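Report on the following structure.
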């Protein structure tokens with residue numbers, strides 16, 4: 874497999890992992906709205922369903938994007954695809 | 004002002020700007036104490052900030068194509084994040100979101116999840132690859148990747164439909180705020196708003212819009228956060244509301260049952276006396292009040308729509324590299340998060356200050372005549388945003404007898420909570436900044452697509468740069484004017500048309516964009532079929548449901564993008580597979596897009 878194909882395969886796998894996490898917190902957990910509301914786990918004292926829609930999922934997305942960007946940069950570095958500064 | 008130097012000094016320049024703005028707020032507060040009228044303070048706030056934006060717009064004037072279209076591709080990560088956040092957060096986010104949460108609770112929060120989750124798709128599926136491509140506009144990518152004028156034209160069509168739906172709502176919002184703050188009729192205020200919008204973008208295109216958007220973000224975030232923190236501290240609810248309002252949320256639930264929320268229903272005759280557009284509290288504040296599918300379908304539409312709206316995507320064309328484009332998406336969402344996570348807190352504080360009889364601001368349970376005598380009640384009643392009526396004739400205000408407009412949660416809460424008027428002036432300036440920055444991004448997205456993709460790429464490929472940029476500006480003016488004329492008619496509410504814009508964009512552009520990068524086999528006929536059939540079927544479904552059609556799968560007029568995008572996906576895959584595979588040159592181009600380093604696919608200036 875060429876270097877480029879390997880790079881793309883890694884990139885694609887990284888995408889799938891990212892999208893899986895994204896799916897859980899944007900879609901998955903909201904199948905269980907009622908269960909979250911009844912849950913005894915109450916972050917900062919808020920009902921879990923309320924917390925996830927106000928801060929939880931939103932904050933996780935912010936962190937997820939930075940994590941995604943960092944790991945993708947590592948993958949690019951590994952294959953020597955890092956951009957030169959000022960490119 | 005030397006360009007290179009300006010870029011290096013950004014933190015300093017905007018630091019001074021922020022400091023200056025804070026000093027201005029303090030000066031206004033002093034003027035208020037000295038007896039300046041509320042009306043004058045409002046005028047000062049809006050006029051002063053709009054003047055600054057126009058000044059930045061003038062400083063950023065340019066006659067170069069890559070500065071006009073993509074701000075010279077040198078906007079640093081964090082600043083592009085701020086500009087995107089301002090570009091993104093519209094008048095609806097600023098003025099209407101907290102109100103939506105206040106009235107509709109959990110069901111509405113799907114919008115918050117959707118409008119943030121979409122950025123994960125932007126970062127992972129699209130932004131870095133489109134940046135590598137080096138295009139000026141979104142149709143530029145579609146036209147080059149798939150080849151052919153028809154693909155380019157279809158993309159321009161979808162872009163125009165989606166962005167134009169969106170922009171009328173934004174010009175409407177600037178008009179609303181300008182008419183309240185400057186005390187002029189709405190029909191005129193709309194054109195005042197338009198003039199301010201054009202001043203920011205006419206001379207400098209994307210470069211001017213970028214630097215004004217950063218300035219607008221700073222104003223809007225201060226204007227949103229300051230009242231939230233102030234009210235929370237004043238009420239003793241906690242110095243950092245986001246982490247400390249659990250007791251208040253619980254207290255609202257307690258008061259809701261005490262005041263008989265849901266058990267007392269208003270008769271149709273009583274409701275007929277309530278002014279149009281106002282609503283009472285009918286849903287519990289923090290309960291799960293919708294089905295999973297309703298929540299998820301709305302969130303999905305907003306996410307896919309986010310990843311297809313051209314005015315957002317084109318912000319990532321302005322970063323220096325692919326790497327910075329990716330990081331910049333993270334910063335964008337961080338800056339958006341600051342406001343979005345505050346909206347539910349504002350809704351909570353606002354509701355509690357009105358409901359809780361233990362607070363001096365609480366009005367539920369008080370005598371109707373006392374409430375009607377309150378200064379702020381009279382002001383907002385006059386502005387048609389508040390209404391009380393003694394339906395049961397017991398002389399006391401019940402929970403079901405109090406009505407408010409959605410905008411009032413943001414606009415009136417500072418006054419209700421007893422904050423000085425200077426804060427209300429600040430909020431008006433913030434709302435103006437939010438609506439203007441989004442309108443600028445949208446008008447620019449449309450006019451750039453028309454001038455670059457239609458005029459330059461299709462009609463007159465030999466046009467000189469100077470001529471192209473003049474055409475771009477004329478189009479900018481015409482589109483802004485058309486948007487303002489439609490906004491002046493006041494056809495739909497602000498929020499409804501914003502949601503439609505997402506569904507339109509998702510119907511026509513989501514899969515053609517994503518598959519353009521992630522599926523090499525996708526070809527021009529497939530993309531054209533995907534864009535056109537997606538847009539047509541989505542629109543048809545919308546018209547059908549609006550005219551009393553039953554719909555299917557529980558898809559409403561707010562989520563018609565699901566129908567459009569599914570049709571788009573299926574037709575794109577089927578048509579691509581039954582027609583010829585893209586040629587070797589196109590396949591190589593896709594390979595090149597997938598590698599972050601090296602030259603962009605399109606030349607630096609094209």
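Chains as they are written, first to last, in this note's numbering: chain A, 874 to 960; chain B, 4 to 609. We put the beta carbon where it would ideally sit given N, CA and C, even for glycine. From a predicted model like this one, the values you see are computed outputs, not experimental measurements.
Residue 544 of chain B and residue 576 of chain B do not touch by the CB rule: their CB atoms are close to 20 Å apart, not below 8 Å. Just so you know, the alpha carbons of residue 195 of chain B and residue 430 of chain B end up roughly 19 Å apart. Minimum Cα-Cα distance from residue 908 of chain A among the listed residues A:932, A:893, A:925 corresponds to A:925.
The CB of residue 914 of chain A never comes closer than 9 Å to any CB in chain B; the least such distance is about 13 Å. Judged by DSSP in its simplified three-state form, residue 596 of chain B adopts helix. Taking C-beta atoms under 8 Å as the contact rule, residue 896 of chain A and residue 126 of chain B fail to qualify, at a distance of about 15 Å. CA-CA distance, residue 512 of chain B to residue 889 of chain A, rounds to 21 Å. Residues of the same chain with a CB within less than 6 Å of the CB of residue 30 of chain B, apart from the 5 flanking positions on each side, do not exist.
Less than 8 Å separates the beta-carbon of residue 162 of chain B from that of residue 142 of chain B. For the pair residue 71 of chain B and residue 475 of chain B, the CB atoms are nearer than the 8 Å cut-off. Assigned with DSSP and collapsed to three states, residue 310 of chain B falls in coil, not helix or strand. DSSP, reduced to helix, strand and coil, places residue 420 of chain B outside both helices and strands of the structure shown, so it counts as coil. Using a Cβ-Cβ distance cut-off of 8 Å, the stretch 54–67 of chain B and the stretch 306–325 of chain B are not in contact, since fewer than three pairs of beta carbons, one from each stretch, lie closer than that value. Taking a cut-off of 8 Å on C-beta distances, the stretch 345–363 of chain B touches the stretch 406–420 of chain B, as three or more cross pairs fall below it. Put simply, of B:316, B:236, B:370 the residue whose alpha carbon is nearest the alpha carbon of residue 124 of chain B is B:316. Scanning chain B for C-beta atoms nearer than 7 Å to the C-beta of residue 935 of chain A yields 333, 336, 337, 340, reported in chain order. Distance check between residue 899 of chain A and each of A:950, A:948, A:934, A:938 places A:934 closest, using alpha-carbon atoms only.
When DSSP states are grouped into helix, strand and coil, residue 281 of chain B belongs to the strand group. Between residue 526 of chain B and residue 571 of chain B the beta-carbon gap is near 15 Å, outside 8 Å, which marks them as no contact.
With respect to the 8 Å criterion, residue 452 of chain B and residue 168 of chain B are not classified as neighbours on the basis of their beta carbons. In this structure, residue 917 of chain A lies away from residue 232 of chain B, with their beta-carbon atoms at least 8 Å apart. A distance below 8 Å separates the beta carbons of residue 490 of chain B and residue 178 of chain B.
Taking a C-beta distance under 8 Å as the contact criterion, residue 213 of chain B and residue 80 of chain B do not qualify as a contact pair.
With a threshold of 8 Å between beta carbons, residue 946 of chain A makes contact with chain B. In this structure residue 113 of chain B does not touch residue 349 of chain B by the C-beta definition: roughly 18 Å separates them, more than the 8 Å allowed.
Listed along chain A is no residue with a C-beta nearer than 9 Å to that of residue 514 of chain B; the closest approach is about 15 Å. Residues of chain A whose Cβ lies closer than 8 Å to the Cβ of residue 123 of chain B are, in chain order, 891, 892, 895, 899, 934, 937, 938, 941.
For residue 888 of chain A, the neighbours in chain B by C-beta distance under 8 Å run, in chain order, 127, 128. Rounded to whole angstroms, the separation of the alpha carbons of residue 948 of chain A and residue 289 of chain B is 42 Å. Between the stretch 498–511 of chain B and the stretch 183–198 of chain B there are fewer than three inter-stretch CB-CB distances shorter than 8 Å, so the stretches are not counted as touching.
Burial of residue 340 of chain B is indicated by the presence of at least 16 other C-beta atoms within 10 angstroms of its C-beta. Annotated three-state conformation of residue 93 of chain B is coil, per DSSP. Contact between the stretch 172–188 of chain B and the stretch 452–471 of chain B is not established, with fewer than three Cβ pairs separated by less than 8 Å. The three-state reading of DSSP puts residue 268 of chain B in coil, since its state is none of H, G, I, E or B. The beta-carbon of residue 401 of chain B is placed no less than 8 Å from the nearest beta-carbon of chain A. With the rule of 3 Cβ pairs closer than 8 Å, the stretch 397–406 of chain B counts as touching the stretch 366–382 of chain B.
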